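One structure is given below, encoded as C-alpha cells.
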Amino acid sequence: MKKILVFIFVILSFYLFLNYLTKDTNLIKKILFDKVSLLNSEKNNETLKEINRIVISKQNESLFKLLSIESNKKTTLVDLEQDSPLVYIYNTHDKENYVNPDYSIYNINCNVKTASYILQDKLKEYNINSIVEERSPTNEVSKNKLDYKYTYSYSRTYLEEAIKNYPSVKIFIDLHRDGVKKEVSTAVINGTSYAKLMFFLGLGHENSKDNQKLVNDLENIIKKDYKEILRNTFIRENDSYNQDLSPNSFLIEVGGNYNTIEEVYNSLDVLAYAIKTYLEEA
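In my numbering, the protein residues as written are 382 to 663.
This is the structure:
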C-alpha cells in the first residue's frame, strides 16, 4: 500500500510540475494517461496501437518543445526529420477528416495531418528522413477571414521556404483526402482493406512533364503488387496547385472522408515503400 501511495504521489507531483510549466493541462493528460487507457482497452487492435504510438510520439515532441520554451532554454531535441530530409510533407487542407468511429481511447484525431505523421513514420522505417509541415493554411485563412481557396497561397509560402531551407529534399507531397463514396475510395486485397490513392496533377506550368514522370514512376512501382489501390490520376490542365515550384512535387488524395484511419495506414505503408524504391532507383 505504501508503494502505491508513493507511486501516486510521484505521478501527481510530475503532473503538477508539467502543468505549472506548460499551462497545457489537456496535453499533459493525453501524454500521461492515454497509454494506460490503450493497454486496458478491449479494442487493442494492432494497427491502432501502432497509430497511437505515432501520435503519442508527436505529442511528446511537442511537450518537450513547450517545456524548453517555458523554461527559457533553447530546444535541444535532436530533430532527425530535419537531418538531411529527403521528403517534405504538407497539407494545404489540413483539417480534412476521416471517418471517426470511437477512437477516443486512442486519442486519435483522424485527419490528413495524422496521415502525414504516419507516412513520416513509415519512411523512417526505411531510413528516409522527412519533414511534416506543422503550420496550418486553414487556420490562417480562417484567422484572416479569407476564402478557402487561399489555403493554396499559404501552403505555397511554406513550400517556398522548404525548398530554400532544405536543399536535400527530393520529393514534395501535398497530402489530402477526397470527398467521395466509400466504395470509390476503398479497395480490398487479400482480405485487407485499403484507402485508395489518387495522384492529382496540375499541368498549367513548365514543370508539369517532370511532375508527371515522378507520379508515373511511383504508380508503376505500386502497380506491381497493389494495382487495385490506385485510382486514375486526376489532371487539371490549366492549374498548378503549387507544383510549378518544383519538378519533384505532387498532390495526392489518400482515401476519402468515409475511410478509416486503419485503411489509410495500410495504404501509406504501400506509398512509403514506393517512395523508398523510387529514391533508390532515381
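Where a beta carbon is used, it is the ideal one built from N, C-alpha and C, also for glycine.
Computed from a predicted structure; not experimentally measured.
Output the distance between the C-alpha atoms of residue i and residue j, rounded to the nearest integer angstrom.
i: Asp559; j: Ala568; result: 15 Å
i: Leu504; j: Arg434; result: 15 Å
i: Lys657; j: Ser549; result: 15 Å
i: Val436; j: Asp625; result: 32 Å
i: Asn508; j: Tyr539; result: 24 Å
i: Lys476; j: Asn588; result: 28 Å
i: Cys491; j: Glu506; result: 22 Å
i: Val645; j: Asp502; result: 13 Å
i: Leu582; j: Asn478; result: 22 Å
i: Tyr607; j: Arg516; result: 32 Å
i: Leu595; j: Lys605; result: 16 Å
i: Ser449; j: Lys526; result: Annotation note: pLDDT 44 at Ser449 (below 50); position unreliable, no value reported.
Tell me residue i's beta-bridge partners as DSSP assigns them.
i: Asp555; result: Tyr471 and Leu632
i: Ile570; result: Thr573
i: Ser511; result: Val468
i: Asn426; result: Answer is none; Asn426 lacks a bridge partner.
i: Leu611; result: Leu578
i: Gly583; result: Arg617
i: Asn478; result: Asn492
Near residue i, which residues of its chain fall below 8 Å by C-beta distance, leaving aside the five closest residues on each side in sequence?
i: Lys563; result: Gly637, Tyr639 and Asn640
Residues in the same chain with beta-carbon distance under 7 Å from residue i, minus the five sequence neighbours each way, listed in chain order, please.
i: Thr532; result: Thr473, His474, Pro518, Thr519 and Val522
i: Asp528; result: none
Thinking C-beta only, is residue j closer than 7 Å to residue i?
i: Asp598; j: Pro628; result: no
i: Ser566; j: Ile610; result: no
i: Ser497; j: Val480; result: no
i: Arg612; j: Met579; result: yes
i: Ile603; j: Ala653; result: no
i: Pro466; j: Ser511; result: yes
i: Val635; j: Ala576; result: yes
i: Ile470; j: Leu556; result: yes
i: Val468; j: Ile552; result: yes
Which residues in the same chain as residue i place their Cβ atom closer than 6 Å to its Cβ, once the five residues preceding and following it in sequence are excluded?
i: Gly585; result: Asn619, Asp620 and Ser621
Uninterrupted alpha helix (DSSP H) stretches inside the stretch 509-546 (no shorter than 4 residues): DSSP assignment within the stretch 509-546 yields the following whole alpha helix (DSSP H) runs of 4 residues or more, N-terminal first: 518-524 and 532-546.
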